[in-house]
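There are 2 protein chains.
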Amino acid sequence: MLFALDAMGGDHAPEEQCKGAILACADNPDLDVALVGIRSGMERYLDDVPNSVRSRINIVDASEVIGMGDNPVASIRSKKDSSLRVALEMVRAHEAVGCISAGNTGAIVAGGVLLVGRIKGIERPALAIPIPALSKLTLLLDVGATVRCKPINLYQFAHMGAIYMRSLAGIDEPSVGLFSNGSEDIKGDDVIGEAREMLIGSSLNFMGFVEGKEVPIGSTDVVVCDGFTGNALIKFGEGIGEFVKTLVKDELENRFLPKIGAALMMPALKKIWARFEYEKNGGSPLLGVDGIVIKAHGNSSARAIAGALGVARAFAQLRGTELIKDSFESQNARAN
Amino acid sequence: MLFALDAMGGDHAPEEQCKGAILACADNPDLDVALVGIRSGMERYLDDVPNSVRSRINIVDASEVIGMGDNPVASIRSKKDSSLRVALEMVRAHEAVGCISAGNTGAIVAGGVLLVGRIKGIERPALAIPIPALSKLTLLLDVGATVRCKPINLYQFAHMGAIYMRSLAGIDEPSVGLFSNGSEDIKGDDVIGEAREMLIGSSLNFMGFVEGKEVPIGSTDVVVCDGFTGNALIKFGEGIGEFVKTLVKDELENRFLPKIGAALMMPALKKIWARFEYEKNGGSPLLGVDGIVIKAHGNSSARAIAGALGVARAFAQLRGTELIKDSFESQNARAN
Chain G
188 MLFALDAMGG
198 DHAPEEQCKG
208 AILACADNPD
218 LDVALVGIRS
228 GMERYLDDVP
238 NSVRSRINIV
248 DASEVIGMGD
258 NPVASIRSKK
268 DSSLRVALEM
278 VRAHEAVGCI
288 SAGNTGAIVA
298 GGVLLVGRIK
308 GIERPALAIP
318 IPALSKLTLL
328 LDVGATVRCK
338 PINLYQFAHM
348 GAIYMRSLAG
358 IDEPSVGLFS
368 NGSEDIKGDD
378 VIGEAREMLI
388 GSSLNFMGFV
398 EGKEVPIGST
408 DVVVCDGFTG
418 NALIKFGEGI
428 GEFVKTLVKD
438 ELENRFLPKI
448 GAALMMPALK
458 KIWARFEYEK
468 NGGSPLLGVD
478 GIVIKAHGNS
488 SARAIAGALG
498 VARAFAQLRG
508 TELIKDSFES
518 QNARAN
Chain X
188 MLFALDAMGG
198 DHAPEEQCKG
208 AILACADNPD
218 LDVALVGIRS
228 GMERYLDDVP
238 NSVRSRINIV
248 DASEVIGMGD
258 NPVASIRSKK
268 DSSLRVALEM
278 VRAHEAVGCI
288 SAGNTGAIVA
298 GGVLLVGRIK
308 GIERPALAIP
318 IPALSKLTLL
328 LDVGATVRCK
338 PINLYQFAHM
348 GAIYMRSLAG
358 IDEPSVGLFS
368 NGSEDIKGDD
378 VIGEAREMLI
388 GSSLNFMGFV
398 EGKEVPIGST
408 DVVVCDGFTG
418 NALIKFGEGI
428 GEFVKTLVKD
438 ELENRFLPKI
448 GAALMMPALK
458 KIWARFEYEK
468 NGGSPLLGVD
478 GIVIKAHGNS
488 SARAIAGALG
498 VARAFAQLRG
508 TELIKDSFES
518 QNARAN
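Protein chains in written order, with this note's numbering: chain G, 188 to 523; chain X, 188 to 523.
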């Protein structure tokens with residue numbers, strides 16, 4: 188099973204990308220990775236890799252790089268030999284099962300839509316992030332693909348999120364919440380209110396509105412919101428993780444007794460902090476495109492890249508894209 | 188200086204409201220509080236209060252209560268003898284310097300606008316919350332008064348937030364950030380983009396877009412967003428506080444060594460958790476209305492109510508409402 192990895196996208200590319208591919212291939216004997224990017228920058232990381240792994244990693248040349256500050260649509264269109272575009276084209280041509288990138292989010296979304304293409308019947312894609320809530324994962328979507336939504340977009344995100352959680356987390360009837368500024372029916376705006384009506388009339392296990400407080404607690408399996416709100420939440424959560432880390436460190440520097448306490452607590456605290464790094468838990472699938480496209484955190488380590496490759500592999504094995512296609516095709520058939 | 192306290196609004200009303208008034212009056216010899224509500228429910232809490240404090244607390248009768256689930260506008264209009272409405276009318280009649288309520292947020296906002304009235308030139312009010320960022324306070328507004336905004340609303344919130352931070356935190360030129368889904372200029376939507384243009388052309392110390400990650404770190408003194416987003420952030424933060432608390436407790440129950448660690452760390456951890464309870468740090472002023480209206484957290488303890496009374500008193504002493512009025516009147520004068 189071959190996946191195309193954008194080796195040039197991300198803060199620590201291509202080093203962590205190469206190392207992540209090695210880790211993932213060592214862990215999964217059925218995995219093949221195409222490292223797409225500038226060959227001369229990558230070869231040094233592949234030198235001492237055992238042949239059982241090295242034989243499943245290929246370098247695919249791409250001479251250009253889409254930077255974090257590049258305009259998404261313009262760069263995907265103009266940089267025809269960029270590592271991201273070449274990787275996405277491998278998915279379009281069915282040369283690769285899926286593509287993983289830790290690069291420019293907007294370019295990944297634009298490229299997913301323009302090159303891989305939307306699934307028929309889906310108006311807009313959504314980036315989904317599994318958030319570690321108290322005792323389980325909650326899938327939050329959209330976190331940045333569709334900044335502002337129409338009701339139909341939120342409705343479709345709910346369906347895609349439910350399919351994802353059903354297939355990947357094995358939950359029979361995933362509960363779905365619609366994010367709003369309070370749980371009462373009168374909350375939200377016109378778009379959210381209309382999406383709520385659509386979801387009440389759907390076959391989903393729809394639980395109504397959920398508010399910010401419920402997301403980290405995990406009151407529903409899926410939480411649907413527009414890309415602006417989802418992005419605000421995950422970045423705010425990341426900032427709070429940093430904030431708590433700094434506060435704990437400051438407390439330690441000021442006191443003797445808590446320093447012993449913190450040393451003993453540190454493994455637990457680290458475990459907790461790791462839970463704020465949402466995207467590091469395996470990357471965000473771009474749902475609604477006709478192929479597997481996974482966005483990894485820009486700051487991804489090799490371990491995070493390997494995690495994203497693992498998510499892509501699981502998604503392919505469970506035929507996630509096909510499940511979404513089947514569901515929307517049957518909906519379209521019913522509607523006609 | 189007399190403040191009207193809605194004694195019936197909040198999860199622990201009227202007990203914590205009465206006790207909060209006592210605490211605040213004990214701390215501030217120049218403070219007088221009118222406890223507005225159902226007399227029979229309050230008298231027991233005032234029995235053993237020393238006369239130096241008791242003499243500055245009056246009960247003002249109000250026979251009705253606006254519940255947390257009541258429709259905001261309808262209940263403010265129809266429940267003419269509700270504790271919240273009577274308290275707000277005391278502000279309108281200049282019998283009280285300001286009003287504090289831990290009740291129904293929507294009703295506080297609706298009552299502030301309908302009864303106390305907007306400051307001339309201000310289109311919509313904003314609820315502001317001081318968030319304890321790393322080394323200072325950041326003022327986040329709006330957190331729920333104006334769910335969706337026009338560019339002029341965000342622009343006016345920025346001005347009001349800057350005046351608030353200048354007067355209350357003594358910051359000469361408060362830095363102002365406009366919340367968006369990324370720091371690059373192309374981020375946001377049309378409303379946010381237009382507000383950004385207006386703020387670039389203003390006299391404010393405008394720093395451009397800030398994203399979710401920067402809010403807990405405190406990269407600007409003021410962060411402006413619509414009420415939907417602000418509400419999402421503070422509630423998500425509250426949920427994360429709960430989440431971290433539960434995770435730490437779970438870790439403790441599973442291990443011996445960290446339990447000692449946590450016992451030693453507990454004072455530090457409690458200090459950190461308290462920082463997530465944003466509204467408990469003193470309540471949220473409703474900026475843009477022609478009088479002092481402070482919303483306290485629904486779950487407020489006596490200490491939180493006393494804190495909100497302290498915020499109201501400071502706002503009055505610094506002539507916060509007048510400063511906003513003066514600023515907008517001079518802007519209007521310039522525009523004419």
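Even for Gly, the Cβ is constructed at its ideal location relative to N, Cα and C.
The Cβ atoms of A274 (chain G) and A191 (chain G) lie closer than 8 Å to each other. Taking the C-beta atoms as reference points, N258 (chain G) is found no nearer than 8 Å to I358 (chain X). Residue-level contact check: V402 (chain X) touches chain G, since one or more beta carbons of chain G fall below 8 Å from its beta carbon. Rounded to whole angstroms, L324 (chain X) and I316 (chain X) show a C-alpha spacing of 9 Å. Using a CB distance cut-off of 8 Å, G399 (chain G) counts as an interface residue toward chain X.
Residue range 489-504 is occupied by the alpha helix (DSSP H) that includes G494 (chain X). Contact fails between the region 407-423 of chain X and the region 385-392 of chain G, because fewer than three Cβ pairs, one in each stretch, are under 8 Å apart.
In the three-state DSSP reduction, R305 (chain G) falls in the strand class (E or B).
Annotation for D377 (chain X): the continuous alpha helix (DSSP H) segment containing it runs 377-387. Beta-bridge partners assigned by DSSP to E282 (chain G): none are found. Out of X:N486, X:N340, X:P216, the CA that lies nearest to the CA of G414 (chain X) is found in X:N340. Distance from the CA of S288 (chain G) to the CA of F396 (chain X), rounded to the nearest whole angstrom, comes to 25 Å. The count of Cβ pairs closer than 8 Å, one atom from the region 204-221 of chain X and one from the region 258-269 of chain X, stays below three, leaving the stretches out of contact. In the displayed model, I263 (chain G) falls within a helix according to three-state DSSP. DSSP links G224 (chain X) through a beta bridge to X:D248.
Residue contact check for D376 (chain X) against chain G: a CB pair falls below 8 Å. Judged by pairs of C-beta atoms under 8 Å, the region 301-317 of chain G does not touch the region 230-243 of chain G, as fewer than three such pairs exist. Distances from the alpha-carbon of K267 (chain G) to those of G:A249, G:G197, G:A283 put G:A249 closest. When the alpha-carbon of D198 (chain G) is set against those of G:A503, G:A499, G:I492, G:G485, the nearest one is in G:G485. Using a CB distance below 8 Å, the part of the region 417-437 of chain X facing chain G consists of N418, A419, L420, I421, K422, F423, G424, E425, G426, I427, E429, F430, V431, T433, L434, V435, ordered along the chain. Sixteen is the threshold: since fewer than 16 other Cβ atoms of the shown chains lie within 10 Å of the Cβ of D377 (chain G), the residue is exposed. Here Y342 (chain G) has A382, M385, L386, S389 as same chain residues with Cβ atoms under 8 Å from its own Cβ, once five neighbours each way along the sequence are excluded. Closer than 8 Å to the CB of G331 (chain G) there is at least one CB belonging to chain X.
At a cut-off of 8 Å, the C-beta of V410 (chain G) has no neighbouring C-beta in chain X. For S354 (chain G), the uninterrupted alpha helix (DSSP H) run begins and ends at 338-356, by DSSP.
Residues of the region 357-372 of chain G with a C-beta atom less than 9 Å from some C-beta of chain X are F366, S367, N368, G369, E371, listed in chain order. Here G426 (chain G) really is in contact with E401 (chain X); their C-beta atoms are around 6 Å apart, less than 8 Å. For the C-beta of L192 (chain X), not a single chain G residue is nearer than 7 Å; the gap to the nearest is close to 24 Å. DSSP places T292 (chain X) inside the alpha helix (DSSP H), whose first and last residues are 292-298. Residue-level contact by beta carbon holds for R335 (chain X) and chain G, with a gap shorter than 8 Å.
Rounded to the nearest whole angstrom, the CA to CA distance from S487 (chain X) to R335 (chain G) is 35 Å. Cβ proximity to chain X below 7 Å picks out L321 from the region 303-322 of chain G. Going by DSSP, I209 (chain G) is part of the alpha helix (DSSP H) stretching over 202-214. A straight line joining the alpha-carbon of I295 (chain X) with that of N215 (chain G) spans about 58 Å. Setting aside the 5 residues that flank it on each side, L321 (chain G) is surrounded in the same chain by I404, G405, each with a C-beta closer than 7 Å to its C-beta; the list follows chain order.
Taking a Cβ-Cβ threshold of 7 Å, the residues of chain G close to G256 (chain X) are E371, in chain order.
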